[in-house]
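So the protein sequences, as listed, match chains S and U. Residue 174 in numbering that gives the first Met the number 0 sits at position 175 of the first sequence, and the numbers go up by one each step. Residue 28 in numbering that gives the first Met the number 0 sits at position 29 of the second sequence, and the numbers go up by one each step. Okay, structure first, notes after.
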Amino acid sequence: MSVKIDKILVSIFQRAFKSITDEMSISLTKTTRSPILCEAKDFVTGLYDAKGQMLEQTENLPILSFSLGPVCKVILQQYGSDIHPGDVIIHNDVFSMGNQNNDVAIFKPIFHNNALVGWSAAKGHQADIGGAVQGGYNPNATEVWQEALRIPAVKLYEKGKLRKDVWNLIFANIRLQMVQEDIKAQIGACTLGERRLEAFVAKYGLEVFESHKQALFDSTEKMMRAEIKAIPNGVYTGGSMVYFDGKHKGSKFPIRTKITVENDNITFDFSKSSPQTKGFVNGIYTSTCSAITLTFLQMVNPNIPHNEGMIKPLKYIVPEGTILNASYPAATTFGNHLCPQIADSIFKALGPAVPERITAGWNHLLCSLFTGNHPRTGKKYVDICFLGLKGGSGALKGDDGYDHIGMIDASGGVLDQDYEMYEQQTPHMILQHEYLCDSGGAGEWRGGLGTETKILLKGGDTTMVVFGDGDVEPNYGLFGGKGSVLNKIELKYKNGKKLIPMSKDMIHGIPDNTRYFQIAGGGGGYGNPKKRDKEKVLQDVKNEVVSKKAAEKIYGIKS
Amino acid sequence: MKFKVGIDIGGTFTDIIAISDTGDTTVHKTLSTPLDPSIGFINGLREVAEMRSTDFEEFLSSVDTIVHGTTVATNALLTLRGAKTALITTKGFRDALEMRRGIREEQFNNHYKNVTPLVPRYLRFTVDERIDAQGKVVKKFKEKELLPIIKKLREEKVESVCICFMNSFKNNSHEKQAIKFLRKHLSPSPSKRAGVRPVFVTASYEVLPSIRFYERVSTTAVSAFVGPIVANYFDNLIKKLEDIKFKGTLLVMQSNGGVVTPDVVKKNPAVTVLSGPAAAPTAGAFYSALLGYKNCITVDMGGTSFDAALVIDNQCVTSTEGSINRYRIALPSLDIITIGAGGGSIGWIDNGGLLRMGPQSAGAMPGPVCYERGGTVPACTDADLILGYLNPDFFAGGKLKLNKTKAESTIKSALADKLGLSVLETAAGMYRIINSNMAQGVREISVERGYDPREFLFIVAGGAGSIHSSEICKELEIPMFVVPNVSSIFCAAGMLLGDLKHDYIRSYFSSFSKIDKKHFLKVFNEMKEEGVQTLLREGIKSPTPPSPSGREKAKQVLPIGEDLGGASIELHPTLDMRYVGQYHEVPLQVEWTDILNFNLENVFEAFHKEHNRQFGYSLKEEQTEMELINIRLRMIGKMEKPKFLSSKGEAHNLEKALKEKRKAYIPELNVLQEIPVYDGDMPLGGAVIKGPAVIEKITTSVFVSNDYDCLVDEFGSFVVYNKLVYPDGFKMKKEILVSSL
């Protein structure tokens with residue numbers, strides 16, 4: 000007998016699921032140690048039903064928006080009926096639906112009257128995951144084992160009992176003690192989610208839970224389908240370019256997308272993209288689908304709940320062997336950072352159909368990671384230079400881009416380090432971190448501003464790993480809008496020598512008092528700059544974010 | 000008779016409570032005068048005198064203290080109508096204020112905009128000075144660099160200037176030089192002084208001398224932005240009070256729940272940004288203590304928003320992680336969660352066909368449909384009316400007639416028809432959804448901070464909250480809630496219950512093993528001395544009266560190490576600390592004696608315990624080292640609390656108080672049912688009202704749902720308890736002695 004649907008209760012379900020995944024995220028922020036987790040919030044928390052369908056998630060970084068569900072389904076398939084209260088399952092393997100080696104997931108099954116009713120899950124980017132290079136970014140890798148320890152789904156706890164042998168095996172292969180603490184924090188967050196969902200199902204009963212959950216999916220799917228229906232039917236194509244695989248200078252790899260909209264269905268087909276590379280610049284199915292999903296979510300009503308109903312109308316075609324879904328045993332750590340190119344190709348494809356929903360080009364990631372010894376503490380430090388890497392977002396119809404937001408995979412979710420904390424925790428001294436004049440692509444709506452950063456590297460014998468892109472092709476403008484400036488990193492040694500690293504590179508032994516210089520480009524502009532509101536141009540000139548010269552030459556306004 | 004008066008100026012109403020030393024209380028609400036709020040302030044005082052049939056001057060001469068809560072600073076921030084403000088900062092860091100560390104709160108919304116910076120870029124100036132991470136001068140500050148900036152400030156007619164230099168928490172000498180030079184050059188010359196206000200100048204070391212550049216520059220900018228307006232407001236108010244010959248003391252409510260003199264506010268105006276709402280938790284702390292509880296949650300449901308705050312161990316919980324209108328303010332403020340749920344919250348149907356409530360609100364104008372002030376969309380109050388919780392002829396004591404028919408027809412056409420539900424079902428749905436939203440807000444302030452709401456007394460202030468609380472409490476399994484007698488002017492009452500409070504902070508970045516005891520105590524002593532001197536100026540008596548030989552001796556009364564017992568000054572030190580390797584520090588309240596005796600073992604033990612409580616584990620077994628980030632000292636000058644009249648012997652009035660029977664919605668049974676309506680303005684001390692029932696007061700209504708009964712306590716407050724939890728009725732935890740509080 001079917002249960003009568005109480006529409007009001009469906010609303011309450013949605014709110015309650017969201018509050019649970021939010022609560023799990025807050026717990027993780029406060030308990031984890033690696034700055035990548037507690038400051039940059041590179042983690043996702045979610046709830047799934049017994050079939051692995053998403054009830055809700057809090058993604059923190061949009062690139063994780065599709066990264067747990069596929070793994071949940073893999074776990075269900077692998078364990079079948081061998082799932083028990085008190086089990087804790089760990090997973091990172093990119094060849095069984097993981098999205099990046101460093102992103103380690105924890106899953107806890109949830110039971111009601113001895114029947115599996117759902118899962119709580121948390122996945123976070125670990126500070127180390129074994130492999131040849133600390134931190135996991137190994138520009139020289141050609142196979143997965145040079146990058147990371149592979150963890151296919153395995154039980155860390157069975158029926159509430161820690162499997163110490165498994166735990167020891169895993170962490171014997173990971174460099175930092177911190178990672179163990181952070182995994183403990185992830186298990187804690189899952190326990191929190193487990194307790195609350197358990198109580199929730201007990202309160203309403205299984206029948207009501209199942210039927211109303213389905214009603215929630217249906218309602219969300221309806222919202223998503225309405226959004227798709229608003230896009231004219233058709234087949235749309237777009238493309239973008241990935242530069243340098245870390246191995247072959249001057250190499251480039253096209254991304255090609257074909258999007259088919261048919262009434263309330265949409266298919267994203269990336270079959271025509273380049274074959275996989277020999278280096279680590281390769282995507283994997285899950286990371287690519289995340290990138291597609293987050294880009295499309297930016298084009299629809301931001302209030303759509305994030306559950307299975309949201310994903311259902313989206314179809315992904317990403318064949319194995321392409322740069323976006325590399326075959327076993329390829330190196331793939333850079334895969335998450337192909338998101339900017341995937342987003343570009345989708346925006347470019349759908350531009351003619353829905354020009355009011357897309358943005359001009361966002362700044363691509365170009366990032367450096369410093370390691371060394373801190374003379375004042377005598378300890379080793381690791382620091383990803385978040386503050387330097389964040390450029391502007393592309394403008395869109397009606398609004399300028401967002402200044403200093405960073406790559407689209409994060410969309411403003413990654414915080415800069417605080418300057419004074421940075422100078423306490425590293426030996427370095429920040430000399431400048433400011434908006435870069437004329438970096439926002441000109442347009443009727445201007446691209447978001449990029450930044451320029453200068454840091455005096457101290458302490459001596461610093462190692463710098465560089466990874467990213469955006470140093471060859473500028474972010475594009477749309478409909479007459481202009482592109483922005485290129486990303487750039489440069490070292491200036493005390494003896495006057497300069498060094499411009501490649502976009503995937505590793506530099507050792509940087510001496511004391513070397514100057515680090517970085518430009519993160521702005522976003523592209525949208526529409527003809529000559530049509531920009533005069534007051535806005537004058538305001539930009541007054542604020543010295545657009546030069547007088549550019550105002551006259553590009554915007555046609557004398558000040 | 001001597002009076003204490005609390006005045007809380009809100010957007011629509013100015014609430015006033017006057018309590019005499021014998022407990023004689025007058026409560027009044029008058030309209031606010033937003034253009035010059037001091038007019039409503041004085042009007043209100045005059046009206047209270049009239050209500051008491053006393054001559055105004057005579058009444059004023061009997062008032063020894065007025066405590067005031069103001070939204071002047073809050074509104075300046077919300078409406079961006081603050082002073083024209085400039086910032087002077089270190090070369091290379093011009094944009095930190097606007098960048099906000101590069102965050103975009105709504106990641107999937109490309110139309111989401113950054114906040115308008117309180118200081119626009121063209122008024123953000125840099126000077127080539129630098130102090131390094133250890134406090135060493137790398138580049139000297141040169142006054143002459145300020146000259147062209149001063150010229151520009153004059154040209155632009157800047158009204159307020161703030162200074163924030165890198166690492167000034169380690170070494171503030173450059174900021175001090177700059178502030179001195181600017182104050183000298185930006186004051187009007189003596190010949191022009193009449194009528195010209197000097198430019199407001201402040202520096203980060205005066206506002207928030209602690210590590211984290213962004214938090215410091217943002218807080219300092221807020222202070223400068225609201226500074227001239229707040230200063231103006233108080234100058235004007237003080238003059239008006241002088242004009243009417245008020246001779247008592249004027250005190251101001253701060254965001255941290257304490258009070259201060261206007262002089263202190265004028266120096267750091269940012270301390271008043273939560274001046275109004277801060278009083279509710281303060282009053283909550285008082286009421287829960289009356290009932291023998293240490294912990295409570297206070298909620299305040301107004302027209303547009305729902306505020307929730309925590310009281311732990313009879314102290315309001317403060318946080319330094321607050322912001323208003325997305326402007327970051329890192330000063331200690333009461334930790335208040337605000338969500339968009341109020342009487343004006345609008346019901347709507349999303350694209351998926353689901354009913355939602357808020358966060359958009361019809362506010363007070365045009366308000367809910369039933370107000371008949373032009374509102375056209377169904378709001379929470381419309382649903383409450385249809386469900387029988389409100390009396391259409393007795394809203395605000397009958398001053399505002401509510402149109403039920405209109406509410407019904409709007410809910411029908413806007414929501415019910417589309418949902419395929421009846422009007423009653425839809426109204427009940429609106430009621431349940433908004434209750435669920437508010438319950439999530441309460442969960443956020445409690446569970447997410449590591450507290451179990453079931454262990455808390457639930458105190459309801461504000462007009463609309465008391466008809467929603469049965470359901471909120473049920474969802475969170477909170478066994479009882481209290482609607483204080485003066486709930487609708489809870490904040491104004493709370494003003495009279497606050498103490499003088501001053502917060503001091505110094506950054507002290509060090510692992511514990513490397514702390515120099517002498518230096519550590521010296522820093523604490525500096526803060527303590529500053530606090531003691533301020534409190535003495537504010538009229539707090541020092542433990543031993545200063546001897547005739549003057550200030551030097553007075554200072555000696557309170558050397559470090561001396562017990563302050565017996566004095567009306569309390570010291571509450573806090574250490575912001577963490578395990579080495581962690582990123583987020585945890586503020587840990589410690590004992591003053593442990594500081595004096597440098598008893599770090601006790602501190603470590605307490606930290607392990609607190610970490611375990613908040614996050615579910617500690618690293619005690621691993622003996623992980625800890626480090627210190629900031630040290631804080633809160634200085635409290637205890638104020639005398641007013642007395643409230645009490646009576647238990649009024650239960651016999653209950654029969655007379657029965658006004659009528661009315662149909663109301665019973666959520667537990669999902670039906671409309673005829674239930675009794677009582678006059679809550681009758682003295683009913685000691686009576687027990689059986690649920691389901693509605694209790695009507697002029698200023699508020701209380702809905703006692705099916706599973707609840709209500710005890711009217713000796714102060715006339717309504718204690719509504721779940722009878723499934725208290726099958727034998729509710730008993731007070733202890734006999735109450737007001738004078739002991």
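Virtual Cβ for every residue (Gly too), placed ideally from N, Cα, C. Please read these numbers as outputs of a predicted model, since none were measured by experiment.
What residue from the options has the CA that sits closest to residue i's CA?
i, options, result
"LYS72(S)", "ALA120(S), SER270(S), PHE12(S)", "ALA120(S)"
"ASN486(S)", "LYS183(S), ALA114(S), LEU435(S)", "LEU435(S)"
"LEU388(S)", "GLY469(S), ASN324(S), THR259(S), ASN372(S)", "GLY469(S)"
"LEU117(U)", "VAL137(U), GLU604(U), ALA223(U)", "ALA223(U)"
"LEU240(U)", "GLY43(U), LEU599(U), LEU456(U), VAL711(U)", "GLY43(U)"
"SER286(S)", "GLN13(S), ASN372(S), GLY68(S), SER392(S)", "GLY68(S)"
"ILE697(U)", "LEU618(U), ALA463(U), GLU474(U)", "ALA463(U)"
With C-beta atoms as the reference, is residue i less than 8 Å away from residue j?
i, j, result
"ALA378(U)", "GLY343(U)", "yes"
"ILE41(U)", "ILE243(U)", "yes"
"LEU569(S)", "ILE357(S)", "As displayed, chain S neither begins before 0 nor continues past 558, which places residue 569(S) out of reach and without an answer."
"PRO197(U)", "PRO187(U)", "yes"
"PHE466(S)", "CYS338(S)", "no"
"LYS227(S)", "ASN264(S)", "The amino acid occupying residue 227(S) in the given sequence is Ile; Lys does not appear at that position. Yes, they are a contact pair."
"PRO500(S)", "ILE488(S)", "yes"
"GLY339(U)", "SER304(U)", "yes"
"PHE729(U)", "ASN484(U)", "no"
"ARG577(U)", "VAL589(U)", "no"
"SER159(U)", "PHE199(U)", "yes"
"TYR277(S)", "THR141(S)", "Here residue 277(S) is Lys; the residue named in the question, Tyr, does not match the sequence. A contact, by the Cβ cut-off of 8 Å."
Using 8 Å for Cβ pairs, my map puts residue i next to residue j. What's the rounded Cβ distance?
i, j, result
"MET53(S)", "ASN281(S)", "Not really, about 26 Å apart at Cβ, beyond 8 Å."
"VAL87(S)", "LYS154(S)", "7 Å"
"SER33(S)", "ALA126(S)", "4 Å"
"TRP444(S)", "ASP511(S)", "In fact, because the Cβ distance is near 45 Å, the residues do not count as touching under 8 Å."
"SER274(U)", "GLY68(U)", "5 Å"
"TYR380(S)", "GLY371(S)", "7 Å"
In three-state DSSP terms, what is residue i?
i, result
"TYR327(S)", "coil"
"PHE305(U)", "strand"
"CYS366(S)", "strand"
"PHE267(S)", "strand"
"HIS83(S)", "coil"
"CYS709(U)", "strand"
"ALA395(U)", "helix"
"PRO36(U)", "helix"
So residue i is in the beta strand (DSSP E); what residue range does that whole segment cover?
i, result
"CYS490(U)", "Taken as a continuous stretch (DSSP letters only), CYS490(U) belongs to no beta strand (DSSP E), being part of the alpha helix (DSSP H) at 489 to 494."
"TYR315(S)", "313 to 316"
"ALA17(U)", "12 to 19"
"TYR515(S)", "513 to 519"
"TRP347(U)", "344 to 348"
Terminal residues of the continuous alpha helix (DSSP H) containing residue i?
i, result
"PRO34(S)", "34 to 37"
"PHE107(U)", "No alpha helix (DSSP H) contains PHE107(U), which DSSP labels as neither H nor E."
"SER24(S)", "6 to 30"
"GLU158(U)", "Here GLU158(U) belongs to no alpha helix (DSSP H), and DSSP marks it neither H nor E."
"LYS533(S)", "533 to 541"
"LEU668(U)", "Unbroken run through LEU668(U): none, as it is neither H nor E."
"PRO280(U)", "278 to 289"
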